[in-house]
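The opening residue of the sequence shown carries number 490 in this note's numbering; numbering runs sequentially from there. Below is one structure, written out as structure tokens; comments come after it.
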Amino acid sequence: MHVALLRGINVGGKNSLPMVELVRMFEAAGCGEVKTYIQSGNVVFRSENVAGLGARISEEIAGRLGLRVPVILRSAVQMRSAVAKNPFVKAGVAAELLHVYFLGDAGSAAAVKGLDVERSPGDSFAVVGREVYLHLPNGVARTKLTNVYFDKALGTVSTMRNWRTVGVLAGMMGV
């Protein structure tokens, strides 16, 4: 099983993409057992070959709807690892304060070291591989730890999910 995490779909009434159409795109790309979770671009599916799939789906969305939507993929093994490695869960932080940025590519060691730990006082983050774990007691709407910040600083693209959604997606994948 795999999950596709689309960035910026159906957020605040923008970038509207019907989930039924998204399912059809994945099925047309040869994926099976395609399921979506909520309306914000979470697709769980089975596929033997995901090489280039994220780019193909992104291009399909652009062609059909004129939307530029990054698609980040994780396998069940990668999702299991992402769930297991959250340092804030290990520290007993309440789940409703936790979020994760899933990165398209891992940032270099120098880029990670250069991140500003004081950027958003009260909030904290930890970079582990291709995930940035967030503890946001100030709330997601007030944090300065945005995807724009991490994308620029790490030279990649990211998409955020709250910890509850991560757990649901992991469950849908059998993790």
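All residues carry an ideal CB built from backbone N, CA and C; glycine is no exception.
Comparing alpha-carbon positions, which option in the options lies nearest residue i?
| i | options | result |
| --- | --- | --- |
| ARG557 | ARG569, ALA630, GLU549 | GLU549 |
| LYS641 | ASP594, ALA544, GLY519 | ASP594 |
| ARG680 | HIS588, THR632, GLY555, ILE546 | In the structure displayed, the chain extends from 490 to 664; residue 680 sits before or after that span and is not available. |
| ALA518 | MET649, ILE527, LEU495, GLY543 | GLY543 |
| SER529 | LEU511, VAL629, VAL616 | LEU511 |
| TRP652 | PHE515, ALA580, LEU587 | LEU587 |
| PHE515 | LEU562, GLY611, ASN627 | LEU562 |
| GLY555 | LYS503, ASN627, ARG608, THR525 | LYS503 |
| LEU643 | LEU604, SER505, LEU495, GLN567 | LEU604 |
| LEU625 | GLU585, TYR638, VAL523 | GLU585 |
| VAL664 | MET568, LEU506, TYR526 | MET568 |
| ARG650 | MET662, ILE527, TYR638, GLU607 | ILE527 |
So, under 8 Å CB-CB, residue i and residue j are touching, yes? Tell me the CB distance rounded to an integer number of Å.
| i | j | result |
| --- | --- | --- |
| ALA565 | GLU620 | The pair is not a contact, with the Cβ atoms about 15 Å apart (cut-off 8 Å). |
| HIS491 | VAL560 | With 8 Å as the limit, HIS491 and VAL560 do not qualify as a contact, their Cβ atoms being about 11 Å apart. |
| VAL655 | VAL582 | Not confirmed; about 14 Å, so no contact. |
| LEU658 | ASN575 | With 8 Å as the limit, LEU658 and ASN575 do not qualify as a contact, their Cβ atoms being about 14 Å apart. |
| GLY521 | PHE534 | 7 Å |
| ASP612 | THR632 | 5 Å |
| VAL601 | VAL616 | 5 Å |
Please classify residue i as buried or exposed, where buried requires at least 16 neighbouring CB atoms within 10 angstroms.
| i | result |
| --- | --- |
| ALA598 | exposed |
| GLY660 | exposed |
| ILE498 | buried |
| GLY596 | buried |
| ALA573 | exposed |
| ALA580 | exposed |
| SER647 | buried |
| SER536 | buried |
| ALA493 | buried |
| VAL523 | buried |
Taking the DSSP output, what are the residues bridged to residue i?
| i | result |
| --- | --- |
| SER564 | HIS491 |
| MET649 | TYR590 |
| GLY581 | In DSSP, GLY581 forms no bridge with anything. |
| GLY521 | ARG535 |
Unbroken stretches of the alpha helix (DSSP H), 4 residues or longer, contained in the stretch 525-554: 542-554
3-residue-minimum beta strand (DSSP E) runs that sit fully inside the stretch 596-643, ordered along the chain: 613-617, 620-624
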